[in-house]
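Enquirer: Got a structure here, written out as structure tokens. Questions coming.
Number of protein chains: 2
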Amino acid sequence: MSTLRYDVLGFGNAIVDVIARADDDFLVKHGMHKGGMALIDEARAEAIYEAMGPAVEISGGSAANTIAGVASFGARAGFVGKVRNDPLGQVFAHDIRAAGVDFDTPPAADGPSTARSYILVTPDGQRTMNTYLGAAQNLSIDDIHAETIASAAITYLEGYLWDPQNAKDAFLEAAAIAHDAHRLVALTLSDAFCVDRWREEFLGLMRAKTVDILFANEAELHSLYQTGDFDTALAALRQDASLAVVTRSEKGCVVVEREETVAVPAFPVDRVVDTTGAGDLFAAGFLFGVARGAEAAQAARLGALAAAEVIQHLGARPEASLKALAQENGLMP
Amino acid sequence: MSTLRYDVLGFGNAIVDVIARADDDFLVKHGMHKGGMALIDEARAEAIYEAMGPAVEISGGSAANTIAGVASFGARAGFVGKVRNDPLGQVFAHDIRAAGVDFDTPPAADGPSTARSYILVTPDGQRTMNTYLGAAQNLSIDDIHAETIASAAITYLEGYLWDPQNAKDAFLEAAAIAHDAHRLVALTLSDAFCVDRWREEFLGLMRAKTVDILFANEAELHSLYQTGDFDTALAALRQDASLAVVTRSEKGCVVVEREETVAVPAFPVDRVVDTTGAGDLFAAGFLFGVARGAEAAQAARLGALAAAEVIQHLGARPEASLKALAQENGLMP
Numbered sequence: 001m002s003t004l005r006y007d008v009l010g011f012g013n014a015i016v017d018v019i020a021r022a023d024d025d026f027l028v029k030h031g032m033h034k035g036g037m038a039l040i041d042e043a044r045a046e047a048i049y050e051a052m053g054p055a056v057e058i059s060g061g062s063a064a065n066t067i068a069g070v071a072s073f074g075a076r077a078g079f080v081g082k083v084r085n086d087p088l089g090q091v092f093a094h095d096i097r098a099a100g101v102d103f104d105t106p107p108a109a110d111g112p113s114t115a116r117s118y119i120l121v122t123p124d125g126q127r128t129m130n131t132y133l134g135a136a137q138n139l140s141i142d143d144i145h146a147e148t149i150a151s152a153a154i155t156y157l158e159g160y161l162w163d164p165q166n167a168k169d170a171f172l173e174a175a176a177i178a179h180d181a182h183r184l185v186a187l188t189l190s191d192a193f194c195v196d197r198w199r200e201e202f203l204g205l206m207r208a209k210t211v212d213i214l215f216a217n218e219a220e221l222h223s224l225y226q227t228g229d230f231d232t233a234l235a236a237l238r239q240d241a242s243l244a245v246v247t248r249s250e251k252g253c254v255v256v257e258r259e260e261t262v263a264v265p266a267f268p269v270d271r272v273v274d275t276t277g278a279g280d281l282f283a284a285g286f287l288f289g290v291a292r293g294a295e296a297a298q299a300a301r302l303g304a305l306a307a308a309e310v311i312q313h314l315g316a317r318p319e320a321s322l323k324a325l326a327q328e329n330g331l332m333p
Numbered sequence: 334m335s336t337l338r339y340d341v342l343g344f345g346n347a348i349v350d351v352i353a354r355a356d357d358d359f360l361v362k363h364g365m366h367k368g369g370m371a372l373i374d375e376a377r378a379e380a381i382y383e384a385m386g387p388a389v390e391i392s393g394g395s396a397a398n399t400i401a402g403v404a405s406f407g408a409r410a411g412f413v414g415k416v417r418n419d420p421l422g423q424v425f426a427h428d429i430r431a432a433g434v435d436f437d438t439p440p441a442a443d444g445p446s447t448a449r450s451y452i453l454v455t456p457d458g459q460r461t462m463n464t465y466l467g468a469a470q471n472l473s474i475d476d477i478h479a480e481t482i483a484s485a486a487i488t489y490l491e492g493y494l495w496d497p498q499n500a501k502d503a504f505l506e507a508a509a510i511a512h513d514a515h516r517l518v519a520l521t522l523s524d525a526f527c528v529d530r531w532r533e534e535f536l537g538l539m540r541a542k543t544v545d546i547l548f549a550n551e552a553e554l555h556s557l558y559q560t561g562d563f564d565t566a567l568a569a570l571r572q573d574a575s576l577a578v579v580t581r582s583e584k585g586c587v588v589v590e591r592e593e594t595v596a597v598p599a600f601p602v603d604r605v606v607d608t609t610g611a612g613d614l615f616a617a618g619f620l621f622g623v624a625r626g627a628e629a630a631q632a633a634r635l636g637a638l639a640a641a642e643v644i645q646h647l648g649a650r651p652e653a654s655l656k657a658l659a660q661e662n663g664l665m666p
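If you want it as structure tokens, here you go:
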């Protein structure tokens with residue numbers, strides 16, 4: 001087994017978020033499903049941008065947010081994802097490196113521009129995402145380095161990578177390398193619509209034990225098992241997953257292991273500003289905890305703490321040091 | 334006199350802000366003057382960006398922020414400034430148009446890239462700016478349209494335009510056209526260091542009555558008259574300016590007309606998050622009030638309200654409708 005270089009190495013779409021406030025009427029008028037993520041082409045990206053209000057640009061991407069969170073706990077973290085060598089690609093690379101994350105994937109010299117997600121934040125704090133994948137979909141097997149993966153305690157993959165065929169191939173290759181090196185592989189289901197597109201393949205990954213740790217929110221879990229009943233879905237999950245966490249917003253989360261199910265409450269917050277990144281940051285805390293040998297319930301508490309930090313401000317990456325927050329709350333020495 | 338098309342038409346540097354948090358040590362280490370604005374070249378821009386933490390990109394520019402604020406009061410507003418036709422230029426154009434502002438200055442097809450200001454926000458809420466002017470310095474007399482200026486009740490100019498020679502020429506031409514059409518010309522002194530660079534020329538503009546309305550903060554006023562004594566500076570200002578407002582942060586502002594001086598208190602705020610844009614937004618409220626025929630003290634109250642909104646969140650443009658806020662506070666019908 002090679003030397004441990006990373007606590008967590010993440011693979012994901014490298015995306016810059018373009019965030020604006022909008023009312024519910026705007027979503028209806030533009031045919032958007034509130035709270036979901038829709039993949040859009042360049043023409044629709046331009047039409048949405050034209051129609052939306054003044055925006056803020058901030059680096060995003062689900063797994064990238066998670067990895068920035070892992071680094072904020074003081075852990076060693078790396079990210080693999082594809083940008084174009086354009087100004088927004090430079091923004092993405094700057095921000096993730098400035099967060100303390102190793103990011104060495106070479107940018108594309110030509111082809112589509114860096115991925116953007118046009119995110120509308122409604123007054124209730126929910127976010128509705130419209131993602132133009134651009135350069136991110138060209139993440140490929142050439143961007144996979146076996147030695148790096150073998151040196152990470154956990155390799156973390158986002159379900160969104162299942163959409164572009166090249167990225168899917170890279171995903172499977174990375175998972176195989178990790179397991180060959182006796183490391184753990186974690187997956188987030190990303191989005192209920194993503195699950196709907198790839199249900200059978202995701203279930204196949206779980207049953208084949210390609211995935212050791214699974215993250216899902218309630219909507220994703222219901223989509224996975226095509227049931228509206230939480231307990232039915234949870235029972236099915238217990239059969240398929242080695243270790244899984246189902247996040248339930250203000251109701252906290254449920255950690256599912258074969259033998260036991262543990263509910264962990266959400267961390268109290270003063271005011272929800274923007275829920276973008278809540279699931280991503282929960283995963284950050286949980287993965288950090290597991291990588292450092294914490295029990296699942298303790299890891300879930302670290303996840304709840306990180307999620308609470310990120311929903312109290314605009315943007316999907318932590319502004320405060322999660323390490324300091326965890327220490328203040330007695331969750332880390 | 335032509336038909337009134339705009340309440341306020343602003344000329345300024347078209348800049349995208351790149352905002353990050355930093356501690357005081359960072360400023361010292363990089364030789365920055367806290368609270369000031371330094372002009373930097375491309376090499377220093379790259380070095381600062383490399384060193385600074387994860388950032389947020391958001392459209393800025395002093396006069397552009399002011400004009401976005403004017404539009405937020407429900408007024409008719411236009412902006413003139415130069416971007417390059419690159420992704421950050423598109424961001425600037427989108428954001429100011431989405432704020433309800435007319436922006437028709439054609440982007441540069443080549444030459445330096447869109448201007449950026451690297452802004453470090455310290456824990457005390459102060460901002461320290463490092464501005465790479467790029468394409469903005471190529472604003473020129475060709476971008477001036479006499480008919481548009483003649484159709485604006487107030488033409489508003491930022492002192493920063495005095496730095497690039499082309500923009501200075503455009504500034505003087507715009508002021509001349511406005512006065513020929515019997516409109517008002519307003520100027521902000523922008524920054525104490527800017528005043529230090531152009532003291533005699535700014536005093537000349539005031540004494541020649543090229544400027545009808547002057548905005549300054551305390552540091553700029555002290556720099557203008559090279560005195561540390563507020564009352565001495567104020568007495569000098571009374572001689573030179575037709576109408577001037579001196580903003581004093583939490584102490585409110587002082588409106589100076591030849592005959593009288595009126596102090597108007599600051600608007601109370603719960604929590605200062607980021608003072609970026611406070612002066613810009615004060616100018617927005619004041620100019621809106623004057624354009625709509627309010628007395629100076631009443632216009633200053635509108636300014637204080639707008640400044641209070643913008644310092645309670647990150648970024649230098651209003652997030653809430655200033656019209657609605659003014660109505661809630663009984664400052665507008």
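Those protein sequence lines, which keep their order, are chains Y and R. The first sequence runs 1 to 333 under our numbering. The second sequence runs 334 to 666 under our numbering. In this text, a Cβ means the ideal position worked out from N, Cα and C, and glycines have one as well.
1. For R:Ala629 and R:Leu554, which I take to be in contact (beta-carbon distance under 8 Å), what is that distance rounded to the nearest angstrom?
2. Check whether chain Y comes within 9 Å of R:Pro387, counting only Cβ atoms and requiring the distance to be less than that.
3. Can you look up R:Glu590 in the DSSP assignment and give me helix, strand or coil?
4. By the DSSP assignment, the beta strand (DSSP E) with R:Asp476 in it spans what residues?
5. Between Y:Phe193 and the ligand PLP, is the CB less than 8 Å from at least one heavy atom?
6. Does any residue of chain Y have a CB that is nearer than 9 Å to the CB of R:Ser446?
7. Interface residues of chain R around Y:Ala99 at Cβ under 9 Å?
8. Using a Cβ-Cβ distance cut-off of 9 Å, determine whether R:His363 contacts chain Y.
9. Going by C-alpha distance, which of R:Gly663, R:Leu655, R:Glu383 and R:Leu664 is nearest R:Ile400?
10. Ignoring anything shorter than 4 residues or poking outside the stretch 491-564 of chain R, list the alpha helix (DSSP H) runs there in chain order.
11. Run through chain R and tell me which residues come within less than 8 Å of Y:Glu57, C-beta to C-beta.
12. Among Y:Ala178, Y:Met206 and Y:Asp163, whose alpha-carbon lies nearest the alpha-carbon of Y:Phe193?
13. Which term fits Y:Gln137, buried or exposed, when burial requires 16 or more other beta carbons within 10 angstroms of its beta carbon?
14. Residues in its own chain within less than 6 Å of Y:Arg248 by CB, not counting five upstream and five downstream?
15. Strictly below 8 Å CB to CB, what residues from chain Y border R:Gly648?
16. Tell me Y:Ile119's beta-bridge partners as DSSP assigns them.
17. What is the DSSP secondary structure of Y:Val269, counted as helix, strand or coil?
18. Pull up the distance between the alpha-carbon of Y:Pro268 and that of Y:Leu234, whole angstroms please.
19. What residues from chain Y crowd round R:Pro420, counting only those whose CB sits closer than 7 Å?
20. Report the rounded CA-to-CA distance for Y:Asp191 versus Y:Leu157, giving the unit in angstroms.
21. Does Y:Tyr49 get closer than 9 Å to chain R when you measure Cβ to Cβ?
22. Closest by CA to Y:Arg44, which one among Y:Thr275, Y:Met32, Y:Gly315 and Y:Phe230?
23. Counting C-beta neighbours from all protein chains within 10 Å, is the total for Y:Ile177 16 or more, i.e. buried, or is it exposed?
24. Could you confirm whether any beta carbon from chain R is found closer than 9 Å to the beta carbon of Y:Ala20?
25. Report the neighbours of R:Glu652 on chain Y: residues whose CB is nearer than 8 Å to its CB, in chain order.
26. Tell me which residue opens and which closes the alpha helix (DSSP H) that Y:Glu328 is part of.
27. Quick one: residues in its chain with C-beta nearer than 6 Å to the C-beta of Y:Asp212, no 5 flanking neighbours on either side, listed in chain order?
28. Using the beta-carbon of each residue, which ones in chain R are nearer than 8 Å to Y:Asp95?
29. From Y:Ala115 to R:Phe406, what does the alpha carbon distance come to, in whole angstroms?
30. Checking contacts by CB at 9 Å: is R:Ala442 closer than that to chain Y?
31. Report the CB separation of Y:Ala152 from Y:Val8 in whole angstroms; it is logged as a contact under 8 Å.
32. What number of angstroms, rounded off, separates the C-alpha of R:Glu642 from the C-alpha of R:Gly648?
33. How many angstroms separate the CA atom of R:Gly467 from the CA atom of R:Leu664?
34. Taking Y:Gly89 as part of the alpha helix (DSSP H), name the residues at either end of that continuous run.
35. Within its chain, find whatever has a CB closer than 7 Å to the CB of R:Thr560; leave out the 5 residues flanking it on each side and keep chain order.
36. Do Y:Leu187 and Y:Asn166 have their beta-carbon atoms positioned less than 9 Å apart in this structure?
Expert: Taking the definition as stated:
1. With 8 Å as the limit, R:Ala629 and R:Leu554 do not qualify as a contact, their Cβ atoms being about 17 Å apart.
2. yes
3. strand
4. Here R:Asp476 belongs to no beta strand (DSSP E), and DSSP marks it neither H nor E.
5. The ligand PLP is not part of the structure shown, which contains no ligands of any sort.
6. yes
7. Gly386 and Pro387
8. no
9. R:Leu655
10. 498-513, 525-540 and 551-558
11. Val389, Glu390, Ile391 and Val424
12. Y:Asp163
13. buried
14. Glu218
15. Val56
16. Y:Ile19 and Y:Met129
17. coil
18. 25 Å
19. Asp86, Pro87 and Leu88
20. 13 Å
21. yes
22. Y:Met32
23. buried
24. yes
25. Arg21
26. Leu322 to Glu328
27. Leu184, Val185 and Ser242
28. Pro387 and Ala388
29. 35 Å
30. no
31. 6 Å
32. 11 Å
33. 39 Å
34. Pro87 to Ala98
35. Ala566
36. no
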